[in-house]
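In the numbering used here, the protein residues as written are 1 to 258.
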DNA sequence: ATGGTGGTGAAACCA
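Dropping the structure here:
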């Protein structure tokens, strides 16, 4: 059995104790982190390695940044994707055992009338091309992270109010759908078609207390992996911790080897 | 309808 998790930590330096505690208590094989917001020189790798994890990371000042933690040594690590703006550090991929693991922090898009929205759609199209090529090379593959897209209305606390807005707009959902059409299944939704599984609640307006959430963090698994998925769950307890990230953690268990 | 909070890095921007 392998256990794989993803978490947008919104600053790894602020959330390091949360991450270390979750690792110790849950002992996943893989943990993908987004919005580390730390440059490589200041990445707290020693604390993570002390718990028995390898870690690869790519960061920049102030924004973005991703890391991939694993019990086994990562091979074929990549942080540069052809066609993607290299100034924004949003991707880390590696081969762990015989599984290809790709960790994403998809652009937020800000609002549908923003230049950042078109950047997001272009980014997703480039990512689709990359993933198509990866799927041609690796049978057992998982793509996970903060997609900044709520796939369907069940994933939105107030779909009427949000209709057409960034995070839920049709072009974004279509771009995600095109990625899934490559042969990647939304793990949580496949396992639990009718369960609300929010992973993000706005810091503002007491979003978490009032459960005004969205499901923006996803795991997409290739056929051989989804077939052996035993469980997938949002760990919302981390959203209730002192000084939390605005995202919960998502994890899944698969009845296979890495 | 608006604004509410939090992170970065030291004001304004992003989410």
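Every residue gets a Cβ at the ideal spot worked out from N, C-alpha and C, and that includes glycine.
The structure displayed is predicted, hence computed values, not measured ones.
Looking only at DSSP bridge pairs, what is residue i linked to?
i, result
"residue 105", "146"
"residue 75", "95"
"residue 251", "5, 233"
"residue 56", "68"
"residue 200", "214, 247"
Express the C-alpha separation of residue j and residue i in angstroms, rounding to a whole number.
i, j, result
"residue 62", "residue 186", "30 Å"
"residue 97", "residue 113", "43 Å"
"residue 163", "residue 171", "12 Å"
"residue 28", "residue 230", "15 Å"
"residue 121", "residue 79", "20 Å"
"residue 255", "residue 225", "9 Å"
"residue 76", "residue 227", "25 Å"
Let me know the secondary structure DSSP gives residue i once reduced to three states.
i, result
"residue 126", "helix"
"residue 81", "coil"
"residue 100", "strand"
"residue 315", "The chain is shown from 1 up to 258; residue 315 falls before or after that span and cannot be answered."
"residue 50", "coil"
"residue 34", "strand"
"residue 152", "coil"
Between the Cα of residue i and the Cα atoms of the options, which residue gives the shortest distance?
i, options, result
"residue 73", "38, 102, 30, 80", "30"
"residue 161", "213, 25, 99", "213"
"residue 59", "46, 11, 168", "11"
"residue 153", "198, 115, 140", "198"
"residue 18", "36, 56, 1, 2", "36"
"residue 130", "169, 95, 102", "102"
"residue 49", "71, 65, 151, 64", "71"
"residue 136", "208, 20, 184", "184"
Does the region 241-255 come into contact with the region 213-226, if we say contact requires no fewer than three beta-carbon pairs (one atom in each stretch) closer than 8 Å? A contact exists between the region 241-255 and the region 213-226.
Is the number of C-beta pairs between the region 84-92 and the region 104-123 that are closer than 8 Å three or more? Yes, they touch.
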